[in-house]
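In our numbering, the protein residues as written are 251 to 435.
C-beta: ideal position from N, C-alpha, C; glycine also.
All values derive from a computational prediction rather than experimental measurement.
This is the structure in structure tokens:
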């Protein structure tokens, strides 16, 4: 089977049910950004510092495929289609809590960066926030799963916490945002 079909050359693509939409359709933006986020999670898997979190990353990738599949189907979830539910959101909260217990309290804004692993976590966080915004735009047009929306919101918090956890694990100092300074002066 060829990977290319040439059917999208005119700026349209097919949804799960076979219907055609423009490639900038809200539904395509939503599941396309979920796909982008899933690729960024793959990058996280490649960082040795983050190796203890690989099981969580695989769960996240599975959940992102579920959410992307839901967004790709204009007819809504099908019978037996795997979904993200409240227990998955609770699982993210448990993961966040587990990482936070090893971290000093957060009393300042943190600048992204410090090491490749920490930077990758912040990229994941910001792509996740974009995915959430695209999901909200789709939800305003066609109501989506409340659990999926909550999952994306919590996931960006998890990536922020993961960045702090990675810095702590590596012994990298988190750089505080010096809000009282003006770099141009």
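Helix, strand or coil at residue i [DSSP, three-state]
i           : result
residue 255 : coil
residue 271 : strand
residue 262 : strand
residue 292 : helix
residue 287 : helix
residue 329 : coil
Beta-bridge pairing of residue i - partner residues as DSSP gives them
i           : result
residue 360 : 426
Cut-off 6 Å between Cβ atoms - residues of its own chain near residue i, not counting five sequence neighbours on either side
i           : result
residue 284 : 314, 317, 318 and 381
residue 323 : 266
residue 361 : 425 and 427
Residues near residue i by beta carbon distance below 7 Å, same chain, minus five either side
i           : result
residue 297 : 366, 367 and 370
residue 307 : 291, 294 and 295
Extent of the continuous alpha helix (DSSP H) to which residue i belongs
i           : result
residue 342 : 336-350
residue 368 : 366-391
residue 298 : Run containing residue 298: none; DSSP gives neither H nor E here.
residue 400 : 396-420
residue 312 : 304-322
Cβ-based neighbour list, residue i, same chain, cut-off 8 Å, excluding 5 preceding and 5 following
i           : result
residue 346 : 404, 407, 408 and 411
residue 417 : 364, 365, 368, 423 and 424
residue 279 : 384, 387 and 388
Test: residue i CB closer than 7 Å to a CB of chain B
i           : result
residue 405 : Protein chain content of the structure displayed is limited to a single chain, and chain B is not contained in it.
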